[in-house]
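Here's the structure, in structure tokens; my notes come after.
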Amino acid sequence: MKIDKDKYTSHIKDNDKIIDMRRIIDKVEIVMNNHSYESTDFLDPYERLLAKSILNRFDEIDYLENGGTIQAERQIITIYPSYYNSDNLPQNIVALRIYGDLDGLSHKDFLGAILNLGIKRSKIGDILVHGDYTDVVIKKDIGDFLLFNLEKVSNKKVRIEEKSLNSISSVEILYKEINKILSSYRLDVYISSSYNLSRQESMDIIKSGYVKVNWEPIDKPAKELEVGDVISIRGYGRSILHSVEGLSKKGKIKATIRILI
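The numbering used here puts the first residue of the sequence shown at 84, with every later residue one more than the last.
In structure tokens:
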């Protein structure tokens, strides 16, 4: 069976994501033709949303998402024939626990150390920094390589051991909370207020392609936000439009924003 990829990706506007979704359709073809299962690399929430918008259109297949923890941000999707018993599907991810003098190390330090070994970002799931140890969820096919080759993180010696996925847990999200008055729900207004930038600066950042809303790349300053949206800005980090407490006397929006630390 050959699937018309253009038909199933016509609703996607981001060219880079179209390429990624065509790869997933390739996996659907393999599953349907070979009566086997296939797993993707790790996908962020937006990529999984796009993938499911395609997968849900095929009655012959089913799929599972797995990132090691229920709240995992990055997860793989395993695609299999609808008549398969999903309990018999193998785990295609593993968890590695990193020990050592980890004081002062952050998520980006661990990610950088792994990427410096030549491992692609798509092979790495969530990195869970717990203080005296850090858990990294990765694709199973690179587990042994990482076990034997990751010796340092930011010039600090580390040791690694494999752990069961059941033994890992999510980390507490740390943030500082700020209260702001917004003139509208526009993305550029939100960024200007949250990061004390001029309106023009925020517009330039958005148009440069440095902003994502709920992991979706956004380049339009007039994008309207909703409560609960996660906004990430390259070079500035992430924030959440956590809540709205009504309007001020002048009709402006009284918002609570959480800046992730």
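Cβ atoms here follow ideal geometry from the backbone N, Cα and C, with glycine treated the same way. What you are looking at is a predicted structure, and each value in this text was computed from that prediction instead of being measured.
Thinking C-alpha only, which one of S275, I301 and R282 is nearest S291? I301
Is V220 near the ligand NAD, with its Cβ less than 6 angstroms from a heavy atom? In the structure shown, the ligand NAD is absent, as is every other ligand, since no ligand is present at all.
How far does the beta strand (DSSP E) with R317 in it extend, from its first residue to its last? No beta strand (DSSP E) holds R317; DSSP gives it neither H nor E.
Nearest neighbour of G195, chosen from T339, Y216, V236 and F141 [CA to CA]: V236
Flag this pair as yes or no: are the beta carbons of I221 and I243 separated by less than 7 angstroms? no
If you draw a straight line from the alpha carbon of K223 to that of T161, how long is it in whole angstroms? Looking at the two C-alpha atoms, the distance is approximately 13 angstroms.
Among K306, R106, I264 and S276, which has the Cα closest to the Cα of K337? I264
As a quick exercise: from I288, I225 and V296, pick the residue whose alpha carbon is nearest that of P128. V296
Nearest to S285 by alpha carbon, out of R140, I314 and K88? I314
Any 3 or more C-beta pairs closer than 8 angstroms across the segment 181-194 and the segment 132-147: no
How is the beta strand (DSSP E) around Y129 delimited, first residue to last? No beta strand (DSSP E) contains Y129, which is instead part of the alpha helix (DSSP H) from P128 to L138.
I274, enclosing alpha helix (DSSP H) - first and last residue: L270 to Y278
Threshold first: 3 residues or longer. Then list the beta strand (DSSP E) segments lying entirely within the segment 169-197, N to C. 176-183
Proximity winner among L198, I289 and V219, relative to E156 (alpha-carbon distances): V219
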